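**Q**
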Amino acid sequence: MRAARRRKSHSCWGHLVAAPLWPLHGANLGTLLRTCDAVGACLAVPRFPWVPEALRRGNTLRRPACVHWVNDPPGWLTREKAAGTAIVGVELADESVRLADLPPARGRTIAVLGHEQQGIPPEALDLLDTVVEIPMVGTGASLNVAVAGSLVLYKLAGLL
1 MRAARRRKSH SCWGHLVAAP LWPLHGANLG TLLRTCDAVG ACLAVPRFPW VPEALRRGNT
61 LRRPACVHWV NDPPGWLTRE KAAGTAIVGV ELADESVRLA DLPPARGRTI AVLGHEQQGI
121 PPEALDLLDT VVEIPMVGTG ASLNVAVAGS LVLYKLAGLL
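All residue numbers for the sequence shown refer to UniProt numbering, where the first residue is 1 and numbers rise by one.
#1: If residue 173 sits next to valine 70, beta carbons under 8 Å apart, how far is it from one beta carbon to the other, in whole angstroms?
#2: Taking glutamate 53 as the reference, which of Ala141, Val147, Gly75, Asn28 has the closest Cα?
#3: Between alanine 82 and threonine 139, what straight-line distance do the alpha-carbon atoms span, to the nearest angstrom?
#4: Please go through the UniProt domain "tRNA/rRNA methyltransferase SpoU type" (27–154) and give each complete alpha helix (DSSP H) segment of 4 or more residues, from N-terminal end onward.
#5: Restricting to Cα atoms, I'd like to know which of Thr85, Gly75, Thr78, Asp37 is closest to arginine 63.
#6: Would you mind reading off the limits of the beta strand (DSSP E) that contains leucine 16?
#7: Is serine 150 near leucine 32, with beta carbons less than 8 Å apart?
#8: Contact check, alanine 19 vs alanine 41 under 8 Å by CB: the rounded distance?
#9: Can you say whether glutamate 80 is buried or exposed, counting buried as having 16 or more other CB atoms within 10 angstroms of its CB?
#10: Would a check of beta-carbon distances place glycine 149 closer than 8 Å to chain C?
#11: With arginine 57 and glycine 26 assumed to form a contact (beta carbons below 8 Å), what rounded beta-carbon distance in angstroms separates them?
#12: Rounded C-beta distance between glutamate 91 and isoleucine 120? I'm assuming under 8 Å.
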């Protein structure tokens, strides 16, 4: 199994992108970056002043990772959607698809992750092609962004 792993970092394959565009906790960004490397995805993050340091601190990879910097999240998502990218949001919604029923990505796909407290802002919700929900049986309302994003990335990558 170990011999089958990549020996060096992947360049941008452009197929799968995790997009925590409204992050609250820096630790989640490092965890998502590690998951992106594991599934061959890229990470898209906003240009908040604290994000580069959070990525540096949380990045436990030995090689550079694929990171895209986003200045205007709704504008970026609008341009990606117009270019044919599938936009999948991780959110609680009436029309959501259960994680188990989410098919693997067949083309360029962005997994949008919202703010840990407010979720995905309304202006971005309208841009989603699919909303995926992670079923929970406990008392919590949601998982943290890194855990939710990791589950969805593995499913979209076809590794679950």
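For each residue, glycine too, the CB sits at the ideal point set by N, CA and C. Small disclaimer: the values here were computed from a predicted structure and weren't measured.
**A** The structure says:
#1: Not covered by the structure: residue 173. The range shown for the chain is 1 to 160.
#2: Of the candidates Ala141, Val147, Gly75, Asn28, the one whose C-alpha sits nearest the C-alpha of glutamate 53 is Asn28.
#3: In a straight line, the C-alpha of alanine 82 is about 39 Å away from that of threonine 139.
#4: Taking 4 residues as the minimum length, the alpha helix (DSSP H) runs contained wholly in the UniProt domain "tRNA/rRNA methyltransferase SpoU type" (27–154) are 51–58, 73–82, 122–125, in order along the chain.
#5: For arginine 63, the nearest C-alpha among the options comes from Asp37.
#6: Looking at the DSSP string, the run of the beta strand (DSSP E) that includes leucine 16 is 16–20.
#7: Going by C-beta atoms, serine 150 is nearer than 8 Å to leucine 32.
#8: Not a contact, Cβ separation roughly 10 Å.
#9: By the 10 Å Cβ count, glutamate 80 comes out buried.
#10: Absent here is chain C; the protein component of the structure consists of one chain.
#11: That pair is a contact at about 7 Å.
#12: In this structure glutamate 91 is in contact with isoleucine 120, their Cβ atoms being roughly 5 Å apart against a cut-off of 8 Å.
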